[in-house]
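2 protein chains.
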Amino acid sequence: MESPISATGRVSLTETAEFAAALARRAGGHALRSFREPMDVEVKGDESPVTIADREVEKLMRDAIRERFPGHGIFGEEYGQAGMDADCIWVVDPIDGTRSFITGWPIWGTLLALTCSGRSEIGVIEMPALSERWIGTRAQGTLFEARDGTRQSARVSGCTQLSHARFYTTSLLFFEGRTRERVEAIAQAVHTPRFGGDCYIYGLLASGHVDLIIENRLQPYDFMATIPVVEGAGGVITDWAGQPLDMGSGGEVIVASTPELHARALDMLCA
Amino acid sequence: MESPISATGRVSLTETAEFAAALARRAGGHALRSFREPMDVEVKGDESPVTIADREVEKLMRDAIRERFPGHGIFGEEYGQAGMDADCIWVVDPIDGTRSFITGWPIWGTLLALTCSGRSEIGVIEMPALSERWIGTRAQGTLFEARDGTRQSARVSGCTQLSHARFYTTSLLFFEGRTRERVEAIAQAVHTPRFGGDCYIYGLLASGHVDLIIENRLQPYDFMATIPVVEGAGGVITDWAGQPLDMGSGGEVIVASTPELHARALDMLCA
C-alpha cells in the first residue's frame, strides 16, 4: 500500500496501523468510562440510538486523525464527512453496538478503518469492555490481541459446509419478507445459528470461532474496518451480489471463512 | 432460611453462599481453560451441544458439593439427579450457553443454585470469560462483583413501561406460531429489543441495565440460579402464568424489573 506514504510523505503501513490501533484503544477507553453509567439516550432519524459518549469519542478520534494526517479525509457516524476528495479516508465508528452499550452488554466496539483509493487497507476492531482487539491489514495479515496482552495471528476456520457452520446475524428483525424466510432457512441449515454481535462477530470469524455472517442495513462505518480484519485472516467478505465492499456499498454484507461456504450461503440467500 | 443449617448442623446462609460463590468461580475457571481451544462437540438428544468441558466441570462441582453437604441432593445438566428426596438440592449448570462457548463468544456462565423445600434460596451466575459474577440470596440481596474485584449491591431499574424497556430474549427461533407473533409484537413495542444472552441477561436485569426478559424451552438448571439473583435485586421472575418458578416449572420464564412491567408484558404475551 503506497497511499498513506504518498499522502503524507512520512509514514509506512506498519506505522499507520500502529497509529490506528493506539487511537482506537484510547478512544475505546474513553467510551468505556461511560459504560454502565447513567446516560441520556437520543434516537436519531434512522432510529439508531446515540449517547453523549458516541459524540465525545468520535470528536477525540477526528482531532487525532486531523493532527497526524491533515491531508486525509474523515467519515464518521456522528459528525459525517470531511475531505472526501482525498485519496485516503479514515472511517470511524466511536461505538458500534450502541444498543449493547445502553443495555450494559459488553459486546460493543470502537471501529477505525483507513481506506485508500476506495479500498479498506487497515481496520481495527477494538472491544473496550472485553479488552480484546483485532488489527487487520489486508497486505500484512490480522493480529488478535487478547485480554492478557498476548498477540497472535488470526486465521479463519476451514469450514466449507453449511451444516458445519457457526452462523451469526445481528437480528432476524432486520430482515423482511422473502429475505427473512431465506435467512431463517440458512439459520435452520447451519450447525449453530446465533444472534447479536455487531462488529465482534467479524473478529470471531477472523479468529476461526465463527464461520458465516449475513447482515443488512449496515453503513460504511459499520463494515469498512471489518474488511481488512477478515481478509487479513484469509476470509471472504462481499456484498450480497458477491462484489467487494466499498464506501458506496448498499449495506448488505456476507462473510465466510472459505470461498466454498461463501458460495453456498449466497446461493441460498439469493436463490 | 433454615434448611442448610438443619440439614448439616454446621453452616449459615452466609457461609453457604460463600461456598457456592467460591465453587462456581473454581468451576468456571476450569471451564475457561477449554474456551476457544479446539474441542469435540456432541449433540445431545434435545439438540443442545455438549463438550467435554461441560462434563468435567459438572463432575468437579458435584464432588465438591457431596464432600461439603453429603445430605443434600444434586441436579445437574449433564449427570442428572441424585438424592432428590433431600430437602436441600443443589442445581448445577457447568456451562450455560454452550452455543456461545463453542463459537468463541465470551457470554456463557457457570450456574449454581441451592433450593430448599423447593424454593431457590441461593443463586450464583459466574461469568468466567468476563470475570464478572452475581451472588444472589433471596433473604439477603444480590451482590455484583466486577472484573476489577469491586463488589456492589445489585438493584433492578424502576422501569414500568414497555415503551421504555430494554428487552432480551435468547432467540426468536425458539418461539413458534402465535407465541412467536406475540414475542415479536413485544419486541416492536419495547425501547430496545435484543437477542442472545442466556444467564447473563438475568444478571444485567438484576443490575438495572435490562428491564424485561421472556424465554421458553428452559430447564431448571437454566433458571433456578437466576431466581435469587433477580429477586434479591428486587425484580420479579415467574412462569408465563405469573406463578413462582420451581423445579417442576415448564420452562417458560418472564422476568421484569417491576411488577407493573411484568403485568404489562404478560398481558401481551398471553392475551
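Going down the list, the protein sequences come from chains A and B.
Using numbering that gives the first Met the number 0, the first residue of the first sequence is number 0, and each one after it goes up by one.
Using numbering that gives the first Met the number 0, the first residue of the second sequence is number 0, and each one after it goes up by one.
Cβ coordinates follow ideal geometry from the N, Cα and C atoms, glycine included.
is_contact[Arg98(B), chain A] using C-beta, thresh 8 Å: yes
Where Pro127(B) falls: helix, strand or coil (DSSP): coil
Per DSSP, the bridge partner or partners of Trp133(B): Ile124(B) and Phe143(B)
Residues bridged to Ser33(A) (per DSSP): Paired residues: none, contrary to the question.
Neighbour-count burial assignment, Asp84(B), 16 or more Cβ in a 10 Å radius: exposed
Sequence-distant residues of its chain with Cβ nearer than 8 Å to Met267(B) (five each side left out): Leu161, Arg181, Ala184, Ile185 and Ala188
Cβ-based neighbour list, Gly103(A), same chain, cut-off 7 Å, excluding 5 preceding and 5 following: Arg35
Reduced DSSP category for Gly8(B) - H, G, I as helix; E, B as strand; rest coil: Low per-residue confidence applies at Gly8(B): pLDDT is 48, beneath 50, and the placement is therefore not dependable enough to give any value.
Within 8 Å, strictly: CB atoms of Thr169(B) and Asp210(B): no
Test: Leu172(B) CB closer than 8 Å to a CB of chain A: yes
Glu214(A) - partner residues in DSSP beta bridges: Paired residue(s): Val252(A).
Helix, strand or coil at Glu1(A) according to DSSP, with G and I counted as helix: In this prediction, Glu1(A) scores a pLDDT of 43, lower than 50, which makes its location untrustworthy; no coordinate-derived value is stated.
Sufficient close CB pairs (3 or more, under 8 Å) joining the segment 115-128 of chain B to the segment 108-127 of chain A: no
is_contact[Thr141(A), chain B] using C-beta, thresh 8 Å: no
Unbroken beta strand (DSSP E) run spanning Gly108(B), endpoints: If you look at Gly108(B), you'll find it in the beta strand (DSSP E) that goes Gly108 to Cys115.
Under the three-state DSSP convention, the category Ile185(B) falls into: helix
Contacts that Val209(A) makes with chain C (C-beta to C-beta distance below 9 Å): Considering every chain present, this structure includes no chain C. Its protein chains are A and B.
Neighbourhood of Ser248(A) by C-beta distance below 6 Å, restricted to the same chain and skipping five residues each side: A distance below 6 Å between beta-carbons, with the five flanking residues on each side excluded, links Ser248(A) to the following residues of its chain, in chain order: Asp238.
Where the beta strand (DSSP E) through Val91(B) begins and ends: Cys87 to Asp95
Any 3 or more C-beta pairs closer than 8 Å across the segment 68-88 of chain B and the segment 210-230 of chain B: A contact between stretches requires three or more CB pairs, one per stretch, nearer than 8 Å, and the segment 68-88 of chain B meets this requirement with the segment 210-230 of chain B.
Run of the alpha helix (DSSP H) containing Val229(B), from where it starts to where it stops: Thr225 to Gly231
Counted within 10 angstroms of its Cβ, other Cβ atoms place Met223(A) as buried (16 or more) or exposed: buried
One or two residues paired with Val235(A) in a DSSP bridge: Answer is Ala255(A).
N-terminal and C-terminal residue of the alpha helix (DSSP H) that Gly202(A) is part of: DSSP places Gly202(A) in the uninterrupted alpha helix (DSSP H) bounded by Tyr199 to Ala205.
DSSP-derived helix/strand/coil call for Pro219(A): helix
Buried versus exposed, by CB contacts within 10 Å (16 or more), Ser119(A): buried
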